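*Asks:*
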Amino acid sequence: MRASGLSGVAPEKGAARLVGRAARRRGVGWIGLDGSHIQRQTESRVTPPEYIRRVLRQARRLWPFFIVGVIAAALIAYFGISFRVAETVTQVERLPLDPPASSIAATHEDVTFKSRDGIVLKGWWFAVPRADRAAVIVHGRGRNRVNSDFMPAAIARLLLVHGYSVLLFDLRGHGESGGTRYTLGIEEPRDILAAIDLAARRADIERARVAVIGESLGGGSVLMTVQADPTIGPVVTDSAFADGNTVVSESATKYTNLPAWFTPGIVLMSRLFLGLDLSKVTPSKVVAAHPERPFLFIQCTDDTTVPLHHGLDLKAASANPRTELWVVPGCEHVMAYATHPDEWAQHVLGFLGRELGGEKPVVVPAGILAASLRGG
Numbered sequence: 002m003r004a005s006g007l008s009g010v011a012p013e014k015g016a017a018r019l020v021g022r023a024a025r026r027r028g029v030g031w032i033g034l035d036g037s038h039i040q041r042q043t044e045s046r047v048t049p050p051e052y053i054r055r056v057l058r059q060a061r062r063l064w065p066f067f068i069v070g071v072i073a074a075a076l077i078a079y080f081g082i083s084f085r086v087a088e089t090v091t092q093v094e095r096l097p098l099d100p101p102a103s104s105i106a107a108t109h110e111d112v113t114f115k116s117r118d119g120i121v122l123k124g125w126w127f128a129v130p131r132a133d134r135a136a137v138i139v140h141g142r143g144r145n146r147v148n149s150d151f152m153p154a155a156i157a158r159l160l161l162v163h164g165y166s167v168l169l170f171d172l173r174g175h176g177e178s179g180g181t182r183y184t185l186g187i188e189e190p191r192d193i194l195a196a197i198d199l200a201a202r203r204a205d206i207e208r209a210r211v212a213v214i215g216e217s218l219g220g221g222s223v224l225m226t227v228q229a230d231p232t233i234g235p236v237v238t239d240s241a242f243a244d245g246n247t248v249v250s251e252s253a254t255k256y257t258n259l260p261a262w263f264t265p266g267i268v269l270m271s272r273l274f275l276g277l278d279l280s281k282v283t284p285s286k287v288v289a290a291h292p293e294r295p296f297l298f299i300q301c302t303d304d305t306t307v308p309l310h311h312g313l314d315l316k317a318a319s320a321n322p323r324t325e326l327w328v329v330p331g332c333e334h335v336m337a338y339a340t341h342p343d344e345w346a347q348h349v350l351g352f353l354g355r356e357l358g359g360e361k362p363v364v365v366p367a368g369i370l371a372a373s374l375r376g377g
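Read in order, the letters of the sequence shown correspond to residues 2 to 377 in this note's numbering.
What follows is the structure, given as C-alpha cells:
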C-alpha cells in the first residue's frame, strides 16, 4: 500500500519533504537530511547579541572621528560667536547730542578737524577771550561730547566760569565723528592729540597749557595719549581703567550676556581680525613710565564697570609725589561729579591750578557766564 501524499516518491525523498515543510512552518527553511543546510543557516544568521557586538565594534572604530567632529563643531561655534561679538561690541549706537550747545554757553563754534590718521572728528569750541588755558573733555564708550552720566556739559560750564576755553568733541565711532568702531585706547590717542592741537591753536596757547580730562574709555585713552606724547598738559581721569585685558575680562559678561569663558575668544578675534591687541593697552604701565608727570585719578567706590582697584593700581603705578587719587564714596561708574559736584570741582580745579599756575583773572563774557549759571 502507498502512503497518502507520497505516491510515486522514494521514502527518503518523502521524508525530506515532510521535514522541509515542518522547517518552513517554523521559519527555518528547507533542511536537508544530512543537516548540512541547518549548519549553513545557523552560521549565516546573526543572533541579537552578535549584532550588538558588531555595532559596538563599528562604533568603537568610528568614535574618534565622532569626537573630532564634535570638537571641530564646538570650536567653529565658539570662535564664530566670539568674532561676531568682537565685531559688534566695538561698534556703538550713536546717541543724540543732548543737551545742546546752547545749554553750555550763549555762543560756541562748531568745529570739524581730522584725527592724526585722517578720520573726520566733530565738536564744539567754547572760547574765553584772553584765557591762558584750555581744557579738552574726552567722553566714554557709547557716549558723545555731551550725552553722558559724566555730565560733560556741566563740567564745561564749570571750566568756562574759571577761565578755561573748552573743547568738547566726539571720539571716532561716536556722535557725529567718522569711523566705525572704538578701539579701547589703541587708536583714540590720535583723536585726542588732534583735539589738543586744535584747542591750542584756537586759544593761541602752548599745547602744554591744554588740560585733558577723560572719563572711562576716554580716561584710559588719555593715559595712552601720554605714551604717544609725554609733553601734553595736565591729565585728569575719572573711572579710567588700568589695563585693557583686565577691564575687558571684568566687563565682557555685562556687555555681551555671554559666559566669562567666551572672553578669551573675543579678545583673540579682536586681535586677529580687527587689529585690536589689548595687551598693548596698559595705562598703568604708561603712568609708571612717566614719574615726572603728576596725575589726578578719580574713582567711585561702587563702580561695577571699572572697579575701584583700577584707580588704586593707577595711583600705585605713579612715582610722582604730586599724583592724587580721589576715591569717591557711594557712587557708580563716572558718577563722581553727579553725586559730589562741589568736591569734584575742588579736586579738579585745585589740581589743574597747581599744574598750570594760579588762575589768571579773565573777563568771562556775560553770555557765557549767564548760561553757565543755569545749572546742570
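Beta carbons: idealized from backbone N, C-alpha and C, even for Gly.
As the structure is a prediction and not an experimental result, all values here were calculated from the model.
Go through its chain and collect everything with a Cβ distance to Asp303's Cβ below 7 Å, but skip five positions before and after it.
*Replies:* Gly331, Cys332, Glu333, listed in sequence order.
*Asks:* Using the Cα positions of Tyr79 and Pro265, report the straight-line distance between them to the nearest angstrom.
*Replies:* Roughly 10 Å separates the two Cα atoms.
*Asks:* Whether or not the segment 171-178 and the segment 187-199 are in contact is what I'm after, with contact meaning three or more pairs of Cβ atoms, one per stretch, closer than 8 Å; do they touch?
*Replies:* Short answer: they touch.
*Asks:* Quick one: using the 10 Å Cβ neighbour count with 16 as the cut-off for buried, is Gly359 buried or exposed?
*Replies:* Per the 10 Å Cβ criterion, exposed.
*Asks:* Threshold first: 4 residues or longer. Then list the alpha helix (DSSP H) segments lying entirely within the segment 192-243, N to C.
*Replies:* If we require 4 residues or more, the alpha helix (DSSP H) runs fully inside the segment 192-243 come out as 218-229.
*Asks:* Touch check for the segment 143-162 and the segment 334-344: three-plus C-beta pairs under 8 Å?
*Replies:* The segment 143-162 vs the segment 334-344: in contact.
*Asks:* I'd like to check one pair, Ala132 with Ser166: are the Cβ atoms closer than 8 Å?
*Replies:* Cβ distance < 8 Å, so Ser166 and Ala132 count as in contact.
*Asks:* CA-CA distance, Val129 and Arg142?
*Replies:* Between Val129 and Arg142, the C-alpha separation is close to 29 Å.
*Asks:* With DSSP run on the structure shown, which of helix, strand or coil describes Ile32?
*Replies:* In this prediction, Ile32 scores a pLDDT of 45, lower than 50, which makes its location untrustworthy; no coordinate-derived value is stated.
*Asks:* Could you have a look at Ser252 and say whether DSSP puts it in helix, strand or coil?
*Replies:* Three-state result, Ser252: helix.
*Asks:* Beta-carbon within less than 6 Å of Pro292's beta-carbon, same chain only, minus the 5 sequence neighbours each way: which residues are those?
*Replies:* If we look at Pro292 and ignore the five residues flanking it on each side, its Cβ neighbours are Ala320, Asn321.
*Asks:* What three-state label does DSSP hand Gln92 in the structure shown?
*Replies:* Three-state result, Gln92: coil.
*Asks:* If we call anything under 8 Å between Cβ atoms a contact, is Val86 one with Ile267?
*Replies:* Against a cut-off of 8 Å, the Cβ pair of Ile267 and Val86 comes out as a contact.
*Asks:* What three-state label does DSSP hand Gly312 in the structure shown?
*Replies:* If DSSP states are grouped into helix, strand and coil, Gly312 belongs with the helices.
*Asks:* To which residues of the same chain is Leu159 closer than 7 Å at the C-beta, ignoring the five residues directly before and after it?
*Replies:* Here the set comprises Ala346.
*Asks:* What residue range is occupied by the uninterrupted alpha helix (DSSP H) comprising Asp343?
*Replies:* 342-357 is the extent of the alpha helix (DSSP H) around Asp343.
*Asks:* What's the call for Ser280, buried or exposed, on a 16-neighbour Cβ count within 10 Å?
*Replies:* Classification of Ser280: exposed, given that the 10 Å Cβ count is below 16.
*Asks:* Which whole-angstrom value describes the C-beta separation of Val248 and Val139, a residue pair presumed to lie in contact below a C-beta threshold of 8 Å?
*Replies:* 16 Å between Cβ atoms; not a contact.
*Asks:* Tell me where the beta strand (DSSP E) around Gly186 begins and ends.
*Replies:* Taken as a continuous stretch (DSSP letters only), Gly186 belongs to no beta strand (DSSP E), as it is neither H nor E.
*Asks:* By DSSP, does Arg27 sit in helix, in strand, or in coil?
*Replies:* Its pLDDT being 47, under 50, Arg27 is placed unreliably by the model, and the measurement read from it follows with that caveat. Three-state DSSP puts Arg27 in coil, outside helix and strand.
*Asks:* Based on the DSSP output, what are the partners of Thr113 in its beta bridges?
*Replies:* For Thr113, which the question treats as bridged, DSSP gives the partners Lys123.
*Asks:* Taking the straight line between their C-alpha atoms, what separation do you get for Thr184 and Phe67?
*Replies:* C-alpha separation (whole angstroms): 40 Å.
*Asks:* Would you mind working out which of Pro231, Lys255, Thr232, Gly215 sits nearest Phe242, comparing C-alpha positions?
*Replies:* When only C-alpha atoms are compared, the closest one is Gly215.
*Asks:* Taking the straight line between their C-alpha atoms, what separation do you get for Ala229 and Ser285?
*Replies:* Cα to Cα, Ala229 sits roughly 14 Å from Ser285.
*Asks:* Verify whether the separation of the beta carbon atoms of Leu168 and Leu199 is less than 8 Å.
*Replies:* Going by C-beta atoms, Leu168 is nearer than 8 Å to Leu199.
*Asks:* According to DSSP, simplified to helix, strand and coil, what is Val162?
*Replies:* Val162: helix per DSSP, three-state reduction.
*Asks:* Look at Thr283 and Asp314 and say whether their C-beta atoms are less than 8 Å apart.
*Replies:* No. Outside cutoff.
*Asks:* Does Ser252 pass the burial test, meaning 16 or more other C-beta atoms within 10 Å, or should it be called exposed?
*Replies:* Per the 10 Å Cβ criterion, buried.
*Asks:* DSSP state of Val268, grouped into three classes?
*Replies:* Three-state result, Val268: helix.
*Asks:* Report all residues from its chain with a CB closer than 8 Å to the CB of Ala201; omit the five preceding and five following residues, and keep chain order.
*Replies:* Around Ala201: Ala135, Glu207, Arg208, Arg210, Val211.
*Asks:* Could you tell me which residues DSSP puts in a beta bridge with Val137?
*Replies:* DSSP output for Val137 lists Leu168, Val213 as bridge partner(s).
*Asks:* Using the Cα positions of Leu357 and Trp327, report the straight-line distance between them to the nearest angstrom.
*Replies:* Rounded to the nearest angstrom, the two C-alpha atoms are 20 Å apart.
*Asks:* Return the first residue and the last residue of the alpha helix (DSSP H) that Val288 is part of.
*Replies:* Residues 284-289.
*Asks:* Thinking just about the alpha-carbon of each residue, which of Arg203, Trp262, Arg355 is nearest to the one in Glu110?
*Replies:* Of Arg203, Trp262, Arg355, the residue nearest in Cα terms is Arg203.
*Asks:* Consult DSSP for Val129 and reduce its assignment to one of helix, strand or coil.
*Replies:* Coil.
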